[in-house]
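Chemist:
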Amino acid sequence: MNRLSIALLGSLLAVNYAGGQAFDPRSFSISTPRPINPAANSTNPNARAGQGQNPYLGSTPEGNATDGVISLSLQDAIARGLRYNLGLIESNQASVEARAQRVRALSKLLPQISARGEQAFERLSLKEIGLKLPPIPGFSGLPSVTDNFGFQDARVSLSETLYSAELHSQYRAERAAEQASAFEVRDARDVVVYVVGTAYLQVVASRARLESAKAQLTSAQTLDQQAADQVGNELSPEIDSLRSRVERQTAEQRVINAGNELEKDKLTLARITGIPIDQQFDVAAEVPYQPVTATTQAAATEEAFRSRSDLASAETTVKSAEYALRAKKDERLPTVAINADYGGGGVNVGNFDQVFTVAGRVSLPIFTGGRIHADIEQAKSELARRKAEYQDLRGRVAYDVRVACLDLQASDSSVKVAESNKELADLALTQAQDRYKNGVTNYLEVVQAQEALAGANQNYIDSLYSFNVAKLSLARATGVAEKHLAEFFGGN
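Residue numbers (numbering that gives the first Met the number 0): 0 to 491.
(1) Where does Phe304 sit, in a helix, a strand or coil, going by DSSP?
(2) Per DSSP, Phe466 is paired with what?
(3) Write down every uninterrupted run of the beta strand (DSSP E) in the segment 132 to 178 whose length is 3 residues or greater and which is fully enclosed by it, in chain order.
(4) Pull up the DSSP beta-bridge partners for Ile337, would you.
(5) In the DSSP assignment, find the alpha helix (DSSP H) that holds Gln248 and state where it starts and stops.
(6) Considering only the beta carbon of each residue, do Asp264 and Ala320 sit closer than 9 Å?
(7) Can you tell me the Cα-Cα spacing of Leu473 and Arg307, whole angstroms?
(8) Note down, in chain order, each residue of its chain lying with its Cβ closer than 7 Å to the Cβ of Ala39, except the 5 sequence neighbours on either side.
(9) Which whole-angstrom value describes the C-beta separation of Gly344 and Gln151, a residue pair presumed to lie in contact below a C-beta threshold of 8 Å?
(10) Here's the rule I'm using: 16 or more other beta-carbon atoms within 10 Å means buried, otherwise exposed. How should Asn492 be labelled?
(11) Starting from Leu71, trace the alpha helix (DSSP H) both ways and give me its first and last residue.
(12) Who does Ser412 pair with in a DSSP beta bridge?
(13) Under 7 Å Cβ to Cβ from Gly196, same chain only, skipping five residues before and after it: list those, please.
(14) Would you mind working out which of Ile238, Gln220, Val445, Asp239 sits nearest Thr249, comparing C-alpha positions?
(15) Contact between the segment 107 to 116 and the segment 148 to 164: three or more CB pairs below 8 Å?
(16) Given 8 Å as the limit, is there contact between the segment 320 to 336 and the segment 163 to 182, that is, 3 or more CB pairs closer than that?
(17) Quick check on DSSP: helix, strand or coil for Val400?
(18) What does the alpha-carbon distance come out to for the pair Gly57 and Gln201?
(19) Measuring CA to CA, which of Ala373, Ile128, Ser362, Ala339 is closest to Lys327?
(20) For Phe366, is the classification buried or exposed, using 16 other Cβ atoms within 10 angstroms of its Cβ as the cut-off for buried?
(21) Any idea what DSSP makes of Ala284, helix, strand or coil?
(22) Per DSSP, Glu121 forms a beta bridge with which residues?
(23) Would you say Leu443 touches the ligand HEM, meaning its beta carbon is less than 8 Å from a heavy atom?
(24) Assess, as a yes-or-no matter, whether the segment 433 to 453 is touched by the segment 209 to 220 under the definition of 3 or more beta carbon pairs within less than 8 Å.
(25) On the criterion of 16 or more Cβ atoms from any shown chain inside 10 Å, does Thr59 qualify as buried, or is it exposed?
(26) For Leu123, which option in Ser143, Leu463, Tyr459 has the closest C-alpha, if you only look at C-alpha atoms?
(27) Using a Cβ-Cβ distance under 9 Å, would Ala397 count as near chain B?
(28) Use the C-beta contact count for Ala99: other C-beta atoms within 10 angstroms, 16 or more gives buried, fewer gives exposed.
(29) What did DSSP end up calling Gly369 once you bin it into helix, strand or coil?
(30) Taking only the alpha-carbon atoms, compute the straight-line gap between Thr31 and Ala257 and give it to the nearest angstrom.
(31) Going by DSSP in three states, Val230 sits in which element: helix, strand or coil?
(32) In the DSSP output, what is Val354 paired with across the bridge?
(33) Quick one: Cα of Leu11 to Cα of Ala303, how far?
(34) Rank Glu246, Gln390, Leu261, Ala204 by C-alpha distance to the C-alpha of Gln279 and give the top, closest one.
(35) So if DSSP puts Ile112 in a beta bridge, which residue, or which two residues, is it bridged to?
(36) Return the Cβ separation of Thr160 and Ala339 in integer angstroms, given the expectation that the two are a contact with Cβ distance under 8 Å.
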């Protein structure tokens with residue numbers, strides 16, 4: 000171990016001469032960049048699995064990257080998310096499918112009209128149909144086959160179910176399912192607002208961390224130069240120069256890591272909002288502290304029960320299951336239908352004769368081998384499951400509001416305390432620098448003051464981020480995220 004290593008190790012284990020407190024070796028530690036977690040993102044090794052687990056983390060990028068750097072506000076990011084986010088796109092397509100199912104069920108209740116034309120050429124076997132004549136003197140009998148012949152036939156056909164309780168109940172079930180799907184689309188919009196807003200706030204927080212790291216680096220560079228001057232003038236020991244160099248290098252690495260985290264968070268925001276992955280962009284403005292007023296848990300819970308689209312969707316799904324159960328029970332009832340056709344037939348169009356058919360049909364199941372009973376039991380099970388899910392969702396809604404209110408209250412207090420601590424840490428660093436410059440204390444006190452200020456800045460950034468996310472969570476929990484966005488965040 001060389002002399003420099005021994006000196007550096009001694010500085011890390013030294014005792015603060017001024018305060019008498021042991022110096023924490025971890026004050027020089029830096030966090031290594033966190034790798035992307037494949038289980039939580041739509042990246043390799045299995046992008047399809049990640050896409051299926053959470054489609055709201057994906058999008059459909061449109062257009063090519065431009066050379067310039069675009070400025071993205073919170074409203075811009077959310078507008079892009081509402082247009083390109085994969086989760087909302089899939090929800091919209093699911094609503095289209097539900098609408099198609101409703102139209103299909105309706106079509107079974109409406110008349111079915113079709114037209115057909117036929118040109119036939121035939122030769123029949125009389126032996127095949129068993130046609131025989133009694134013996135006739137002088138007549139050798141019928142030939143085994145007929146001569147070739149042809150005919151034409153053209154008709155318009157109509158079929159309609161005049162009465163079917165089962166089909167009517169099925170239609171009501173599909174109509175309720177379509178309404179539930181429409182509520183799901185509205186809820187998906189709220190989810191996109193929450194997801195995009197959280198990603199945007201993360202970028203804002205990461206940018207603030209980078210700016211804080213750069214400020215720490217500037218301070219470390221200044222102190223490094225000051226320590227070198229002190230050592231050069233024989234006013235401080237050489238170990239202070241070593242400590243200042245370590246602090247400066249640590250600050251440089253922190254800037255690199257903070258920049259790396261910022262770029263990865265921007266990539267996440269780009270993936271959610273459909274921005275091309277190579278497009279350079281920056282968030283338009285900071286999201287300052289803006290308290291929430293005139294909001295109580297009781298009022299928020301009442302608004303959530305009234306406005307949450309997923310709750311409305313679950314309630315409508317229960318109605319759909321009730322109609323589906325009724326449809327299964329209606330299978331035991333008779334069905335009345337009519338079939339009719341009208342047209343002409345003959346050897347050719349010029350020799351057509353008028354032809355038509357009208358037939359009524361009544362069908363009633365007598366024995367189905369237990370199929371109807373099994374269908375009813377399955378529908379009852381589905382209805383019970385949907386009712387349980389609805390009751391659970393009501394509890395989840397109340398839970399979401401309660402947790403959001405608690406987080407909002409705690410983070411609001413945390414922001415105020417963190418801001419005060421940041422001011423005090425900044426004042427303590429200024430005093431420590433003055434004490435070191437005047438030779439009253441050693442460099443360890445300055446290093447500790449720097450680390451305390453860095454921690455205070457980080458705590459304030461984290462507290463502000465948590466507070467803003469808590470506001471987003473409350474907006475999401477009440478089911479009107481788009482409405483409360485301007486109220487909670489102003490014109491950002």
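Ideal Cβ placement from N, Cα and C applies to all residues, glycine included.
Modeler: Based on what the coordinates show:
(1) Indexing the sequence shown from 1 puts residue 304 at position 305. Phe304: helix per DSSP, three-state reduction.
(2) Taking the sequence shown and counting its residues from 1, one reaches residue 466 at position 467. The partner list for Phe466 (beta bridge, DSSP) is empty, contrary to what the question assumes.
(3) 148 to 162
(4) By one-based count along the sequence shown, residue 337 stands at place 338. Ile337 is bridged to Glu159, Gly359.
(5) Taking the sequence shown and counting its residues from 1, the one referred to as residue 248 is at position 249. Taken as a continuous stretch (DSSP letters only), the alpha helix (DSSP H) holding Gln248 covers 237 to 272.
(6) By 1-based counting over the sequence shown, the position of residue 264 is 265. By 1-based counting over the sequence shown, the position of residue 320 is 321. Cβ atoms of Asp264 and Ala320: not closer than 9 Å.
(7) Position 474 of the sequence shown, counted from the start, is the residue given in the question as residue 473. Position 308 of the sequence shown, counted from the start, is the residue given in the question as residue 307. Whole-angstrom Cα-Cα distance: 12 Å.
(8) Counting from 1 along the sequence shown, the entry for residue 39 is found at position 40. Since pLDDT at Ala39 reaches only 45, below the 50 mark, its modelled position is unreliable, and the value read off the structure follows with that caveat. If we look at Ala39 and ignore the five residues flanking it on each side, it has no Cβ neighbours.
(9) Translated into positions along the sequence shown, residue 344 becomes position 345. Translated into positions along the sequence shown, residue 151 becomes position 152. With a contact defined as Cβ atoms closer than 8 Å, Gly344 and Gln151 qualify at about 7 Å.
(10) Absent from the model: residue 492. The displayed extent of the chain is 0 to 491, so no value can be given.
(11) Here residue 71 is taken as the residue at index 72 of the sequence shown, counted from 1. That residue, Leu71, is in no alpha helix (DSSP H); its beta strand (DSSP E) goes 69 to 71.
(12) The count along the sequence shown starts at 1 and reaches residue 412 at position 413. According to DSSP, which records beta bridges pairwise, Ser412 is partnered with nothing at all.
(13) For the purposes of this step, residue 196 is taken as residue 197 along the sequence shown, with counting starting at 1. Contacts found: Leu73, Ile77, Leu471.
(14) Mapped onto the sequence shown, residue 249 falls at position 250. Checked all of Ile238, Gln220, Val445, Asp239; the closest Cα to Thr249 is Gln220.
(15) yes
(16) yes
(17) As a working note, residue 400 is residue 401 in the sequence shown. DSSP places Val400 in helix when its eight states are reduced to three.
(18) On the sequence shown, position 58 is the one that residue 57 refers to. On the sequence shown, position 202 is the one that residue 201 refers to. Take the alpha-carbon of Gly57 and the one of Gln201: they are about 17 Å apart.
(19) Stepping through the sequence shown from its first residue, residue 327 is reached at position 328. Of Ala373, Ile128, Ser362, Ala339, the residue nearest in Cα terms is Ala373.
(20) Walking along the sequence shown from the start, residue 366 turns up at place 367. Exposed, by the Cβ-count rule.
(21) On the sequence shown, residue 284 is found 285 positions in, with the first residue counted as 1. Looking at Ala284 - three-state DSSP - the assignment turns out to be coil, as it is neither helix nor strand.
(22) As a first step, residue 121 must be located in the sequence shown, where it is residue number 122. Partner(s): Phe148.
(23) Of the ligands one can find in the structure shown there are none, so the ligand HEM has no counterpart to examine.
(24) yes
(25) Within the sequence shown, residue 59 is the residue found at index 60, counting from 1. Exposed, by the Cβ-count rule.
(26) Here the question's residue 123 lines up with position 124 in the sequence shown. The residue with the shortest Cα to Cα distance from Leu123 is Ser143.
(27) Of the protein chains in this structure there is only one, and it is not chain B.
(28) Position 100 of the sequence shown, counting from 1, holds the residue named residue 99. By the 16-neighbour rule on beta-carbons within 10 angstroms, Ala99 is exposed.
(29) Walking along the sequence shown from the start, residue 369 turns up at place 370. If DSSP states are grouped into helix, strand and coil, Gly369 belongs with coil.
(30) On the sequence shown, residue 31 is found 32 positions in, with the first residue counted as 1. On the sequence shown, residue 257 is found 258 positions in, with the first residue counted as 1. Residue placement at Thr31 cannot be trusted, given a pLDDT of 40 that sits under 50; the coordinates are not used to answer.
(31) Here the question's residue 230 lines up with position 231 in the sequence shown. Three-state DSSP puts Val230 in a helix.
(32) If you number the sequence shown from 1, residue 354 lands on position 355. In the DSSP output, where bridge partners are listed per residue, Val354 has Gly342.
(33) Locating residue 11 in the sequence shown gives position 12, counting from the first residue. Locating residue 303 in the sequence shown gives position 304, counting from the first residue. Only weak support exists for where Leu11 lies, its pLDDT of 33 falling under 50; the value from the coordinates is given anyway. Spanning the two alpha carbons is a distance of roughly 55 Å.
(34) In the sequence shown, residue 279 corresponds to position 280, counting from 1. The shortest Cα separation from Gln279 among Glu246, Gln390, Leu261, Ala204 belongs to Leu261.
(35) Residue numbering aside, residue 112 sits at position 113 when the sequence shown is read from its first letter. The partner list for Ile112 (beta bridge, DSSP) reads Leu157.
(36) Translated into positions along the sequence shown, residue 160 becomes position 161. Translated into positions along the sequence shown, residue 339 becomes position 340. About 13 Å; that fails the 8 Å criterion.
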